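Right, here's the structure in full:
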């Protein structure tokens with residue numbers, strides 16, 4: 014009977030108080046060693062999509078800048094290349110002009126020297142080239158009437174004319190060599206008289222540029238030395 018009555022008795026309801034709410038709930042400290050990380054707040058600047066768009070935009074802007082720089086560099090490099098080519102061509106042109114001027118100067122100086130020499134020879138020896146002298150050689154002559162000698166270049170033929178004592182009726186002509194080469198018809202022929210072999214008789218030394226020919230005095234005339 015006692016147990017049955019105890020079951021039938023209604024439970025005693027405790028009074029509910031708002032102040033006692035915290036006492037009814039006891040919080041336990043976490044016994045687990047695992048810690049949970051706080052969720053990372055996503056920033057729009059760190060968003061891969063935003064970054065990707067920014068990178069793409071940056072790449073596009075950099076490509077556009079590079080394209081603009083390349084166009085500008087091409088626009089600048091084209092005149093620079095032309096200037097460099099101009100400077101490279103200018104020394105070659107200057108060297109060519111210098112060589113041409115030097116060649117003209119050499120040719121002009123050589124031509125002037127040749128002309129001046131011919132002019133001097135024309136004034137001194139005339140045309141045909143003629144050289145004359147008087148000397149006593151013992152061929153019917155005397156200091157009062159010396160023998161007259163004419164050294165002549167007649168169309169490249171060397172001729173020496175002797176007029177003993179000034180008498181043309183006893184003239185002797187000694188034929189010399191024939192000159193070969195360009196302009197040899199204007200080569201002066203000169204001479205001098207000197208005793209070559211020491212016999213006391215003056216001999217004739219003929220000068221043809223840097224060559225010498227000798228006419229030996231035999232007492233009556235002259236003959237070419239062999």
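Residue numbers (the numbering used here): 14 to 239. All C-beta atoms, glycine included, are put in the ideal place defined by N, C-alpha and C. Keep in mind that this is a model prediction, so the values were computed, not measured.
If you follow the beta strand (DSSP E) that residue 224 is part of, which residue opens it and which one closes it? 224-230
Quick test of your reading: residue 158 and residue 178, contact by CB under 8 Å. State the CB separation rounded to the nearest angstrom. That belief holds up - the Cβ atoms of residue 158 and residue 178 are roughly 4 Å apart, short of 8 Å.
Below 8 Å on the Cβ atoms is my guess for residue 11 versus residue 162; work out the distance and round it to an integer in Å. In the structure displayed, the chain extends from 14 to 239; residue 11 sits before or after that span and is not available.
Distance, residue 196 Cα to residue 132 Cα: 13 Å
CB contact flag (residue 228, residue 187, <8 Å): yes
How far does the beta strand (DSSP E) with residue 191 in it reach, from first residue to last? Counting along the chain, residue 191 sits inside the beta strand (DSSP E) bounded by residues 185-191.
Simplified DSSP assignment, three categories, for residue 220: Reduced to three states, the DSSP call for residue 220 is strand.
Residues in its own chain within less than 7 Å of residue 223 by CB, not counting five upstream and five downstream? none
I want to see whether chain D comes within less than 8 Å of residue 157, judged by CB atoms only; does it? The structure shown contains no chain D, having only a single protein chain.
Just to confirm before moving on: does the CB-CB distance between residue 7 and residue 202 stay below 8 Å? Residue 7 falls outside the range modelled here, since the chain spans only 14 to 239, and no answer is possible.
Give a yes or no on whether the C-beta atoms belonging to residue 152 and residue 234 are separated by under 8 Å. yes
Using DSSP with H/G/I as helix, E/B as strand and the rest coil, what is residue 116? helix
Cutoff 8 Å; reference residue 193; Cβ partners in own chain excluding five residues on either side: 169
Can you tell me whether residue 198 is helix, strand or coil according to DSSP? helix
Mapping the DSSP letters down to three states, classify residue 204 as helix, strand or coil. strand
Can you grab the Cα-Cα spacing for the pair residue 216 / residue 176, in whole Å? 15 Å
For the beta strand (DSSP E) holding residue 170, just list the boundary residues, first then last. 170-176
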